[in-house]
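Visitor: Quick one: structure below, then a few questions.
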Amino acid sequence: HCASEHRYREWIFGQFLGWMLNGYVIGLVKALFYVTESMGQKHTLRFYRGEVWNKLQEMAF
(Lines of atoms letter the chains of each structure in order from A and count residues from 1; the text may use other names and numbers.)
(Lines give C-alpha, C1' and ligand atoms only; values in the text may rest on other atoms or scores of the structure.)
Protein backbone atom coordinates (compact mmCIF):
# COMPACT_ATOMS: atom_id res chain seq x y z
CA HIS A 1 0.00 0.00 0.00
CA CYS A 2 1.20 3.49 -0.71
CA ALA A 3 1.69 6.23 1.90
CA SER A 4 -1.36 8.24 0.81
CA GLU A 5 -3.63 5.22 1.23
CA HIS A 6 -2.19 4.64 4.70
CA ARG A 7 -2.89 8.27 5.67
CA TYR A 8 -6.42 7.97 4.31
CA ARG A 9 -7.05 4.82 6.36
CA GLU A 10 -5.70 6.56 9.46
CA TRP A 11 -8.01 9.51 8.79
CA ILE A 12 -11.03 7.21 8.35
CA PHE A 13 -10.16 5.40 11.58
CA GLY A 14 -9.83 8.73 13.41
CA GLN A 15 -13.24 9.80 12.10
CA PHE A 16 -14.72 6.52 13.31
CA LEU A 17 -13.19 6.90 16.79
CA GLY A 18 -14.48 10.46 17.05
CA TRP A 19 -17.95 9.32 16.04
CA MET A 20 -17.88 6.51 18.62
CA LEU A 21 -16.72 8.81 21.41
CA ASN A 22 -19.13 11.63 20.66
CA GLY A 23 -22.08 9.46 19.74
CA TYR A 24 -21.93 6.66 22.25
CA VAL A 25 -19.22 6.71 24.89
CA ILE A 26 -19.87 10.23 26.20
CA GLY A 27 -23.62 9.62 26.31
CA LEU A 28 -23.10 6.32 28.12
CA VAL A 29 -20.85 7.92 30.73
CA LYS A 30 -23.35 10.76 31.23
CA ALA A 31 -26.19 8.27 31.66
CA LEU A 32 -24.37 6.08 34.19
CA PHE A 33 -22.16 8.47 36.15
CA TYR A 34 -22.10 11.89 37.75
CA VAL A 35 -18.79 13.57 36.89
CA THR A 36 -17.37 16.34 39.04
CA GLU A 37 -14.04 18.08 39.53
CA SER A 38 -12.10 17.19 42.65
CA MET A 39 -11.95 19.94 45.27
CA GLY A 40 -8.21 20.23 45.99
CA GLN A 41 -6.88 18.79 42.77
CA LYS A 42 -7.17 20.95 39.71
CA HIS A 43 -8.07 19.15 36.48
CA THR A 44 -8.93 15.93 38.32
CA LEU A 45 -12.32 14.43 37.56
CA ARG A 46 -14.22 12.13 39.90
CA PHE A 47 -16.78 9.69 38.52
CA TYR A 48 -19.63 8.59 40.79
CA ARG A 49 -22.31 6.08 39.90
CA GLY A 50 -25.71 7.76 39.96
CA GLU A 51 -26.96 6.00 43.09
CA VAL A 52 -23.73 6.75 44.97
CA TRP A 53 -23.92 10.44 44.04
CA ASN A 54 -27.56 10.58 45.20
CA LYS A 55 -26.59 9.09 48.58
CA LEU A 56 -23.77 11.62 48.96
CA GLN A 57 -26.19 14.43 48.16
CA GLU A 58 -28.67 13.14 50.75
CA MET A 59 -25.94 12.98 53.40
CA ALA A 60 -24.84 16.53 52.62
CA PHE A 61 -28.28 18.03 53.30
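Heads up, the sequence shown is in this note's numbering, so the first residue is -17 and it goes up one at a time.
A virtual CB, placed ideally from N, CA and C, is assigned to each residue, including glycine.
Small disclaimer: the values here were computed from a predicted structure and weren't measured.
Hey, is the segment 12 to 19 in contact with the segment 28 to 41, meaning 3+ C-beta pairs nearer than 8 Å?
Guide: With a cut-off of 8 Å, the segment 28 to 41 and the segment 12 to 19 count as touching, because enough Cβ pairs lie within range.
Visitor: May I have the straight-line CA-CA distance separating W(-7) from Y6, to the nearest angstrom?
Guide: Going from the Cα of W(-7) to the Cα of Y6 covers about 20 Å.
Visitor: Rounded to whole angstroms, what is the Cα-Cα separation between T26 and T18?
Guide: Cα-Cα distance, rounded: 8 Å.
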